[in-house]
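A.B. asks: So that we are looking at the same thing, I have put the structure below in structure tokens.
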Amino acid sequence: MTYIEIIKRNNKEYYYLTKNVRLSLNKWKKIRVFLGDKKPSKEEVKKHAKGIEDKSKPFLKLSKYAYLAEHDAETLQDLKESYSTWLKHTPKSVKEKLNDDFVIRFTYHSNAIEGNRLTLRQTALILKDKVIPTGVRAEDYNEAINGKECLDYIKSYKGDLNTKFLEKINGILTKNTGVAYGGRIRFFDVKIQGSTHVPPSYAEIKRHMLNFFKWYSANKNKFHPFKLAAMIHAKLTWIHPFEDGNGRTARAVMNFILMKKDFPMFFIPFEKREEYYQSLDTADKGDYKKYISGILQLIIDQIRSYGHNKKEDKR
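Each residue of the sequence shown is one higher than the last, beginning at 34 in this note's numbering.
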């Protein structure tokens, strides 16, 4: 995928046609063609597009990402760089407002997927304006408060993924919501309503969690960050290690992994809940390539919004 990149030097803007090319698993190189100091026309971009593709060929590798299409990896790299540029050039006050908006939207969508009755507006009133809307259930209210606390904790946490961290997140998310053993690896069997997947017996949880962390340790620096985050989400929801809040915990941890790798966080839209569940079903059946592609399609337009005015998608 090629895009227009704007680079500022001495308060003047210069335009480049840019393409990210993968050199190895997580190493990328930018191929650029200078277009001048004025916004190029579509004809000029088209004229240089073939040239940049030709310049990138010597750097292309035959190796592929397992479960992640090459063009998707390239798109994600473009978006990561857009996000980095956005962070550098956006005033702190603007970033804080947008962060507050993300917290509200992530909390609303993640909770709504699990049956929380709050609307987006009610969630905003609770988290931003500290107002308790009339008729709101205490459990729904507490889930909203917990969602914000969870994101705040994730951002302040400096450690790595481990059992204690997972238990802390689940404990926050299920606090004051009627869950008897929130924040504790389950010691009893559970079922998932509306799903054909039957979580492992409690007697097998310890073994599955041990294998989960071994897998993470072996792959955390090998996998593409998005693939790593999505796979962690799938594996956690399959194991279902807690009494309740497993989906919310998995979605929070997925964002924690992306944040550690300097990718923007995202939420799964409540309106796409059915597609989300279908993607998880494919993961449960072992089709991780289809699953990861499905998750990416659910959120691609959302994460494109970060600083995308600096880069024109020409795909």
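Don't be surprised by glycine CBs; every beta carbon is placed ideally from N, CA and C.
Per DSSP, residue 67 forms a beta bridge with which residues?
C.D. replies: As a working note, residue 67 is residue 34 in the sequence shown. In the DSSP output, where bridge partners are listed per residue, residue 67 has 49.
A.B. asks: Report the rounded CA-to-CA distance for residue 236 versus residue 222, giving the unit in angstroms.
C.D. replies: Indexing the sequence shown from 1 puts residue 236 at position 203. Indexing the sequence shown from 1 puts residue 222 at position 189. Their backbone Cα atoms lie some 9 angstroms apart in a straight line.
A.B. asks: Considering only residues of the same chain and omitting the five flanking positions on each side of residue 312, which have a CB-CB separation below 8 angstroms?
C.D. replies: Taking the sequence shown and counting its residues from 1, one reaches residue 312 at position 279. Closer than 8 angstroms at Cβ, skipping near neighbours: 323, 324, 327, 328 and 331.
A.B. asks: Can you give the beta carbon distance from residue 173 to residue 149, rounded, assuming they're within the 8 angstroms contact cut?
C.D. replies: In the sequence shown, the residue the question calls residue 173 occupies position 140. In the sequence shown, the residue the question calls residue 149 occupies position 116. The pair is a contact, with the Cβ atoms about 5 angstroms apart (cut-off 8 angstroms).
A.B. asks: Could you give the DSSP three-state label for residue 116: helix, strand or coil?
C.D. replies: Walking along the sequence shown from the start, residue 116 turns up at place 83. DSSP places residue 116 in helix when its eight states are reduced to three.
A.B. asks: Measuring straight from C-alpha to C-alpha, what distance separates residue 165 and residue 131?
C.D. replies: Translated into the one-based positions of the sequence shown, residue 165 becomes position 132. Translated into the one-based positions of the sequence shown, residue 131 becomes position 98. About 22 angstroms.
A.B. asks: Please tell me whether residue 136 and residue 184 are closer than 8 angstroms, where the distance is taken between their beta carbons.
C.D. replies: Here residue 136 corresponds to residue number 103 of the sequence shown, with the count starting at 1. Here residue 184 corresponds to residue number 151 of the sequence shown, with the count starting at 1. Yes; because the gap between Cβ atoms is below 8 angstroms, this pair is in contact.
A.B. asks: Nearest chain B C-beta to residue 109 closer than 8 angstroms, yes or no?
C.D. replies: No chain B appears in this structure, which consists of one protein chain only.
A.B. asks: How close, in whole Å, do the beta carbons of residue 261 and residue 290 come, if the pair is a contact with beta carbons under 8 angstroms?
C.D. replies: The residue labelled residue 261 in the question sits at position 228 within the sequence shown. The residue labelled residue 290 in the question sits at position 257 within the sequence shown. The pair is a contact, with the Cβ atoms about 6 angstroms apart (cut-off 8 angstroms).
A.B. asks: Can you tell which of 294, 267, 293 and 292 has its C-alpha closest to the C-alpha of residue 281?
C.D. replies: Residue numbering aside, residue 281 sits at position 248 when the sequence shown is read from its first letter. Ranking the options by Cα distance to residue 281, first place goes to 267.
A.B. asks: Thinking residue 275 and residue 139 are a contact (beta carbons under 8 angstroms), I'd like their distance in whole angstroms, please.
C.D. replies: What you label residue 275 is simply residue 242 of the sequence shown in a count that begins at 1. What you label residue 139 is simply residue 106 of the sequence shown in a count that begins at 1. About 19 angstroms; that fails the 8 angstroms criterion.
A.B. asks: CA-CA distance, residue 315 and residue 305?
C.D. replies: Locating residue 315 in the sequence shown gives position 282, where the first residue counts as 1. Locating residue 305 in the sequence shown gives position 272, where the first residue counts as 1. Distance between the alpha carbons of residue 315 and residue 305 is about 16 angstroms.
A.B. asks: Rounded to the nearest angstrom, how far is the Cβ of residue 205 from that of residue 177, given a contact under 8 angstroms?
C.D. replies: Sequence index remark: in the sequence shown, residue 205 carries index 172 (1-based). Sequence index remark: in the sequence shown, residue 177 carries index 144 (1-based). Not really, about 12 angstroms apart at Cβ, beyond 8 angstroms.
A.B. asks: For the beta strand (DSSP E) that contains residue 161, what are its first and last residues?
C.D. replies: Looking up residue 161 in the sequence shown gives position 128. No beta strand (DSSP E) holds residue 161; DSSP gives it neither H nor E.
A.B. asks: With H, G and I counted as helix, E and B as strand and the rest as coil, what does DSSP make of residue 170?
C.D. replies: Working through the sequence shown from its first residue, we reach residue 170 at position 137. Coil at residue 170, not helix or strand.
A.B. asks: Which value, in whole angstroms, describes the spacing of the CA atoms of residue 278 and residue 334?
C.D. replies: Indexing the sequence shown from 1 puts residue 278 at position 245. Indexing the sequence shown from 1 puts residue 334 at position 301. Using only the alpha carbons, I get a separation of about 27 angstroms.
A.B. asks: Following the continuous beta strand (DSSP E) through residue 40, name the residue where it begins and the one where it ends.
C.D. replies: Position 7 of the sequence shown, counted from the first residue, corresponds to residue 40. Taken as a continuous stretch (DSSP letters only), the beta strand (DSSP E) holding residue 40 covers 35 to 42.
A.B. asks: In or out: residue 231 buried (at least 16 other Cβ within 10 Å) or exposed?
C.D. replies: Indexing the sequence shown from 1 puts residue 231 at position 198. Residue 231 is exposed by the Cβ-count criterion.
A.B. asks: Tell me where the alpha helix (DSSP H) around residue 190 begins and ends.
C.D. replies: The residue you call residue 190 lines up with position 157 of the sequence shown. Neither: residue 190 is in no alpha helix (DSSP H) and is coded neither H nor E.
A.B. asks: I need the straight-line Cα distance from residue 294 to residue 110, nearest angstrom please.
C.D. replies: For the purposes of this step, residue 294 is taken as the residue at position 261 of the sequence shown. For the purposes of this step, residue 110 is taken as the residue at position 77 of the sequence shown. Straight-line Cα distance between these residues: approximately 11 angstroms.
A.B. asks: So, at 6 angstroms on beta carbons, what are the nonlocal neighbours of residue 182 in its own chain, with the 5 sequence-adjacent residues on each side left out?
C.D. replies: By 1-based counting over the sequence shown, the position of residue 182 is 149. The residues are 205.
A.B. asks: Would you call residue 70 buried or exposed, if buried means 16 or more other Cβ atoms sit within 10 Å of its Cβ?
C.D. replies: For this step, residue 70 is matched to residue 37 along the sequence shown. Under this definition residue 70 is an exposed residue.
A.B. asks: If distances are taken between C-alpha atoms only, which option among 298, 259 and 271 comes closest to residue 99?
C.D. replies: As a position in the sequence shown, residue 99 is number 66, starting the count at 1. Considering only alpha carbons, the answer is 259.
A.B. asks: Run the CB neighbour count on residue 273, radius 10 Å, all protein chains shown included, and call it buried at 16 or more, exposed below.
C.D. replies: Here residue 273 corresponds to residue number 240 of the sequence shown, with the count starting at 1. Buried, since its Cβ has 16 or more Cβ neighbours within 10 Å.
A.B. asks: If you measure between the beta carbons of residue 35 and residue 82, is that distance less than 8 angstroms?
C.D. replies: Here residue 35 refers to the residue found at position 2 of the sequence shown. Here residue 82 refers to the residue found at position 49 of the sequence shown. Cβ atoms of residue 35 and residue 82: closer than 8 angstroms.
A.B. asks: Would you mind sorting residue 193 into buried or exposed? The rule is 16 or more other CB atoms within 10 Å of its CB.
C.D. replies: Within the sequence shown, residue 193 is the residue found at index 160, counting from 1. Classification of residue 193: exposed, given that the 10 Å Cβ count is below 16.
A.B. asks: Out of curiosity, what's the CA-to-CA distance linking residue 85 and residue 65?
C.D. replies: Within the sequence shown, numbered from 1, the residue matching residue 85 stands at position 52. Within the sequence shown, numbered from 1, the residue matching residue 65 stands at position 32. If I take the Cα positions, the gap works out to 7 angstroms.
A.B. asks: Specify the secondary structure class of residue 144 as computed by DSSP and reduced to three states.
C.D. replies: Here residue 144 refers to the residue found at position 111 when the sequence shown is read from its first residue. Three-state DSSP puts residue 144 in a helix.
A.B. asks: Does the distance from the C-beta atom of residue 102 to that of residue 257 stay below 8 angstroms?
C.D. replies: Taking the sequence shown and counting its residues from 1, one reaches residue 102 at position 69. Taking the sequence shown and counting its residues from 1, one reaches residue 257 at position 224. Taking 8 angstroms as the Cβ cut-off, residue 102 and residue 257 do not qualify as a contacting pair.
A.B. asks: Might you give, ordered along the chain, the residues of its own chain that have their beta carbon closer than 8 angstroms to the beta carbon of residue 46, omitting 5 neighbours on each side?
C.D. replies: As a working mapping, residue 46 is identified with position 13 in the sequence shown. Cβ neighbours of residue 46 beyond the five flanking positions: 39, 40 and 70.
A.B. asks: Helix, strand or coil for residue 268, going by three-state DSSP, please let me know.
C.D. replies: Counting from one through the sequence shown, the residue named residue 268 turns up at place 235. Helix.
A.B. asks: Compare the beta carbon distance of residue 288 and residue 202 with 8 angstroms and say whether it is the shorter of the two.
C.D. replies: Taking the first residue of the sequence shown as position 1, residue 288 is located at position 255. Taking the first residue of the sequence shown as position 1, residue 202 is located at position 169. Their beta carbons are not under 8 angstroms apart, which means residue 288 does not touch residue 202 by this criterion.
A.B. asks: Compare the C-alpha of residue 155 against each of 168, 147 and 68 and name the closest.
C.D. replies: Residue numbering aside, residue 155 sits at position 122 when the sequence shown is read from its first letter. Nearest of 168, 147 and 68 to residue 155, Cα basis: 168.
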